[in-house]
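Structure first, commentary second.
Residue numbers (this note's numbering), protein chains in the order written: chain Z, 502 to 884; chain F, 502 to 884.
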C-alpha cells in the first residue's frame with residue numbers, strides 16, 4: 502500500500518496538512534531561547550481561543566494519555582476521593598489513572614450509554630476532591646454533558662478534570678464558562694497536528710490544589726510546566742519535542758485562519774452528514790442518548806450490520822485506501838468508527854461513504870445504492 | 502538571527518541531518534498498523550547495536566527525563582532502597598526521581614569530581630534494590646566508570662539503572678557486558694534525531710522486578726511498553742509521536758551507514774580536538790578525574806577564564822551564529838560547554854574553536870591566536 506495515498510478517517514491521528522508537515526522540517530533550535538519561547542507563546546494564544554479560557558495552558562511532549570495523567574497526578578494523591586465517570590474506553594482509562602493516584606469511586610455506565618446525572622450527584626454529595634469526565638468519548642461516539650457536570654462539580658466543591666482530547670478544536674468547549682479546572686487535549690485529533698503533544702489548561706483552583714499535593718509525578722508534574730511557562734522567557738521543564746512544536750504552531754495557524762466558529766460548524770455538519778448517510782444505509786448508531794447527551798460531532802460509531810464483522814469492514818475499507826477504526830476492547834468487531842476530525846473535507850466524507858456503500862453492496866447488505874451519499878451531500882450543502 | 506544559519510554546538514538538541522528533517526514530512530499513518538510496526542522494529546534493530554544488547558528496547562514518546570522516570574518508576578516503589586550517584590545536574594535528577602518512587606541513599610559528590618567507588622561499595626553493602634548512574638554527566642563533562650559500577654551492582658544484587666542519554670550512540674556502551682539492567686538514551690543527543698523520544702533497554706532481571714512492583718506510573722510504565730512491543734505486530738501502549746519515529750528511523754539509518762565503531766572514533770577524536778585546543782588557549786577543563794573516570798567524549802566543559810563570565814562567552818558565541826551551553830544551576834557563569842555530539846563534523850569543531858579564539862582575543866584573554874585551531878586540526882588529522 503502506498504502510504505502517501507491513504508485517507509485517514511480514524512478518530513486520530515488525522516491527516517496533517519502539507520504545510521504543517523513541511524513546518525516540521527525546520528532545523529533544530531535551542532529550546533531555552535527566545536526563538537522557542539515565541540513558538541510556545543504563539544501556540545498558547547490560539548489555544549486560549551480553542552479552550553475558551555483565560556487559564557494558562559501547558560504543553561507536554563507526550564500523548565493525550567500523558568496529559569490525562571498529568572492532570573490527575575498533579576492534583577490527586579493517596580487518600581483523595583475521585584469520582585470517575587466511565588461510559589467508554591477513555592473513561593475507563595481516567596478511572597484507572599484516578600485509582601493509581603487516589604481513591605476512585607467510579608460511576609460505571611455501560612459503554613455507549615449516557616451519563617446518569619442523578620447518580621453522579623449522589624456520589625458527589627458524599628464528598629470528592631475531583632470528578633473526571635471524558636467529554637467526547639472517542640470509543641463510542643457519544644458527547645457527554647460537560648456543562649451540567651461542571652455545575653455539579655462546582656456545587657460540591659470538586660475539581661472538574663475533563664478529557665477534551667477529541668472535542669477541543671472540533672466542537673464547542675467553554676472551559677471558563679463550564680468551570681473546567683483541568684482540560685486536556687491531544688495534538689493529533691481536531692487540532693490536526695501530528696501526535697505527540699498534550700495540552701492542559703490549569704485553573705487557579707487546580708494550581709492551589711497542586712501546591713498542596715506532596716507527591717506529584719516528575720515528568721508529568723503540571724506545576725513544573727506552569728512554573729517554566731510563567732518565566733519571563735517561556736520554557737518547558739524538560740527538553741520539548743521541537744519538530745512537534747513547529748507542527749503545532751502551523752496547525753494552530755490553520756485553526757486561526759478558519760476561525761473556531763466555522764471550524765465547529767464544519768465538524769458538526771460533516772458528522773451530521775455521516776449520520777444521515779448511515780440512516781439511509783440502515784446502519785444503526787451505537788450510542789444510546791438521553792436529553793443531556795448527543796452524538797459526537799467528531800467521531801461516529803455505528804453497529805456493524807448483521808453478517809458483517811466491524812473488523813471486516815475496517816479491512817475492506819483499508820484495501821480501498823481508507824483507514825477507519827473498529828471497536829476497542831469488548832466492542833471489537835461489534836462496531837466501526839469514522840472520524841470527522843481536523844482538516845477533514847466534505848470530499849473525504851463523501852468518498853468514505855461511497856466506499857462503504859460499495860462494500861455493503863458487494864456483501865449483499867445494501868438496498869438503495871447511492872442513497873447514503875445523497876443524504877450526506879444534502880447535509881453538506883448547508884456548509 | 503537567521504535560524505537556518507545557526508550552528509548548534511550545545512550538548513543537545515544537536516543539528517539534525519537534512520534527510521532526517523525531510524523524513525518527518527511524511528504523512529501520518531495509523532499507529533496500530535503493520536506500517537508503524539515496521540518502523541519501530543527497524544529502529545530497534547539498529548538500537549541493539551548502539552546499546553550492544555540482546556535486551557528488548559522500548560521507545561517512549563517523551564524526553565530523556567521521561568525515560569529516566571520510566572526506568573526508576575517501573576522497578577522501584579515505596580520502601581525500596583536506591584543508591585543514587587550524583588556528581589552533576591543529571592545525577593541530581595536521578596536522585597530526585599529515586600526519592601520520589603523509593604527510599605534514596607544518595608552518594609553525593611561535588612559536581613565535576615569523580616565517583617568514589619569505595620564509598621559506593623559501602624553503600625551497596627548495606628543492601629539496595631537499585632543503583633543509579635549517569636554515565637556521561639552532560640552538566641560537567643565527566644565520563645563515569647560504568648563497567649566498574651556494573652560489577653559492584655552485580656556483586657550486591659542491585660539493579661543497575663544507567664542514564665546513557667549523552668553516551669549511547671556517541672561513546673562505547675556495552676549494556677550486556679556491563680550488566681546494565683535499564684539503560685536510557687534520548688533521541689536528540691548522539692543519535693542526532695530530533696528531541697522527543699526516549700529509548701530504554703530492559704533486562705530480564707528488570708522485567709522480573711517490574712512484575713513485582715504493585716504501583717507503576719501509567720504513561721511511563723515500561724511493562725506496558727514491553728508488552729505492546731512484544732505483540733506479533735509491534736505497538737506502543739499509547740499514541741506515539743509518529744513524525745519523531747520517522748526522524749529516528751532515518752537518523753539510525755545514518756548511524757548504521759557510518760558504523761558504530763567509526764562513529765565512536767569520530768566522537769572521541771573531535772572531543773580530544775576540543776581539549777587539545779583548550780590547553781593551547783589556557784582554558785582549564787572543569788572535571789577532576791581519577792583513575793576510573795575520564796573526560797567525556799561527547800561534551801567538553803571548561804572553566805570560564807578569569808575576567809570573563811561563562812554566560813558572556815555563550816552570548817558572544819551566539820552573536821556569531823554558534824550556540825554553545827553555559828553552566829547549569831550553581832555552575833552558571835563558572836563554566837561553558839561545547840557539545841561534540843551526533844553528526845558534528847571536524848569543520849564544525851574548527852569553526853567553534855576559531856570563533857572562541859576571536860572572542861578571547863577581543864577580550865584580551867588570548868596570547869597565541871590560532872594555536873587552538875592548530876592543536877585541534879592536528880588531532881583531527883587522525884580521523
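From the three backbone atoms N, C-alpha and C, an ideal C-beta is built for every residue, glycine too.
(request) State buried or exposed for residue 519 (chain Z), treating a residue as buried only when at least 16 other CB atoms are found within 10 Å of its CB. (result) exposed
(request) Identify which residue in F:622, F:869, F:748 has its Cα closest to the Cα of residue 526 (chain F). (result) Measuring from the Cα of residue 526 (chain F), the nearest candidate turns out to be F:748.
(request) Figure out for me which residue from Z:678, Z:684, Z:695, Z:638 has the closest Cα to the Cα of residue 829 (chain Z). (result) Z:638
(request) Tell me, please, whether the region 609-627 of chain Z touches the region 791-800 of chain Z by the rule of three or more beta-carbon pairs shorter than 8 Å. (result) yes
(request) For chain F, find out if any of its Cβ atoms is closer than 8 Å to the Cβ of residue 818 (chain Z); answer yes or no. (result) For residue 818 (chain Z), the answer is no, since every Cβ of chain F falls outside 8 Å of its Cβ.
(message) With a threshold of 8 Å between beta carbons, is residue 520 (chain Z) in contact with chain F?
(response) no
(message) DSSP three-state label for residue 691 (chain Z), please.
(response) coil
(request) Let me know the secondary structure DSSP gives residue 683 (chain Z) once reduced to three states. (result) Correct three-state label for residue 683 (chain Z): strand.
(request) Quick one: using the 10 Å Cβ neighbour count with 16 as the cut-off for buried, is residue 876 (chain Z) buried or exposed? (result) Buried.
(request) Determine which residues share a DSSP beta bridge with residue 637 (chain F) and list them. (result) Partner(s): F:644.
(request) Confirm, please, whether the CB-CB distance from residue 556 (chain Z) to residue 666 (chain Z) is below 8 Å. (result) No. Outside cutoff.
(request) Using a Cβ-Cβ cut-off of less than 8 Å, list which residues of the region 558-570 of chain F approach chain Z; keep chain order. (result) 562, 563, 564, 565, 566, 567, 570
(message) Counting C-beta neighbours from all protein chains within 10 Å, is the total for residue 620 (chain Z) 16 or more, i.e. buried, or is it exposed?
(response) exposed
(request) With DSSP as the reference, please indicate the residues paired to residue 836 (chain Z) in a beta bridge. (result) Z:804
(request) Kindly indicate if chain F contains any beta-carbon less than 8 Å away from that of residue 663 (chain Z). (result) no
(message) For residue 776 (chain F) and residue 635 (chain Z), I'd like the C-alpha separation in whole angstroms.
(response) 56 Å
(message) Considering only heavy atoms of the ligand MN, does any lie closer than 7 Å to the CB of residue 840 (chain Z)?
(response) Ligands in the displayed structure: none, and consequently the ligand MN is not present.
(request) Would you kindly report the start and end of the unbroken alpha helix (DSSP H) that includes residue 620 (chain Z)? (result) It spans 618-626 - the alpha helix (DSSP H) in which residue 620 (chain Z) sits, taken as one unbroken run.
(message) Considering only the alpha carbon of each residue, which of F:560, F:681, F:567, F:512 lies closest to residue 542 (chain F)?
(response) With distances taken between Cα atoms, residue 542 (chain F) lies closest to F:560.
(request) Just tell me which of F:713, F:659, F:641 has its CA closest to the CA of residue 590 (chain F). (result) F:641
(message) For residue 586 (chain F), report the span of its beta strand (DSSP E) as first-last.
(response) 582-587
(message) Just to confirm before moving on: does the CB-CB distance between residue 524 (chain F) and residue 750 (chain F) stay below 8 Å?
(response) yes
(request) On a CA-only basis, which of Z:838, Z:862, Z:860 is nearest residue 510 (chain Z)? Give me that one, please. (result) Z:838
(message) Taking the alpha-carbon of residue 737 (chain Z) as reference, which of F:530, F:563, F:515, F:512 has the nearest alpha-carbon?
(response) F:563
(request) For residue 517 (chain F), return the contacting residues in chain Z, with the cut-off set at a CB-CB distance below 8 Å. (result) Chain Z residues near residue 517 (chain F): 528, 529.
(request) Just the chain F side, please: which residues come within less than 9 Å of residue 740 (chain Z) by C-beta, in chain order? (result) The answer, in chain order, is 513, 514, 564, 565, 566, 687, 689, 696, 697.
(message) If the cut-off is 9 Å on Cβ atoms, which residues from the region 695-725 of chain Z count as contacting chain F, listed in chain order?
(response) Among the residues of the region 695-725 of chain Z, those with a Cβ less than 9 Å away from any Cβ of chain F are 695, 696, 697, 698, 716, 717, 718, 719, 720, 721, in the order of the chain.
(request) Helix, strand or coil for residue 562 (chain Z), going by three-state DSSP, please let me know. (result) strand
(message) Would residue 698 (chain F) and residue 659 (chain F) be called neighbours here (beta carbons separated by less than 8 Å)?
(response) Taking 8 Å as the Cβ cut-off, residue 698 (chain F) and residue 659 (chain F) do not qualify as a contacting pair.
(message) Just to confirm before moving on: does the CB-CB distance between residue 695 (chain Z) and residue 528 (chain Z) stay below 8 Å?
(response) no
(request) Report yes if the C-beta distance between residue 680 (chain Z) and residue 568 (chain Z) is below 8 Å; otherwise report no. (result) no
(message) So the candidates are F:593, F:867, F:873; which of them puts its Cα closest to the Cα of residue 853 (chain F)?
(response) The residue with the shortest Cα to Cα distance from residue 853 (chain F) is F:873.
(message) If we define contact as Cβ-Cβ less than 8 Å, is residue 748 (chain F) a contact residue for chain Z?
(response) Chain Z, which has a Cβ nearer than 8 Å to the Cβ of residue 748 (chain F), makes this yes.
(request) Output the distance between the C-alpha atoms of residue 502 (chain Z) and residue 811 (chain Z), rounded to the nearest integer angstrom. (result) With a pLDDT of 49 at residue 502 (chain Z), under the threshold of 50, the modelled position of this residue cannot be trusted; read the value that follows with caution. If you take the alpha carbons of residue 502 (chain Z) and residue 811 (chain Z), they lie about 21 Å apart.
(request) Report the rounded CA-to-CA distance for residue 587 (chain F) versus residue 708 (chain Z), giving the unit in angstroms. (result) 31 Å
(message) How far does the beta strand (DSSP E) with residue 861 (chain Z) in it extend, from its first residue to its last?
(response) Run containing residue 861 (chain Z): none in the beta strand (DSSP E); it sits in the alpha helix (DSSP H), 847-863.
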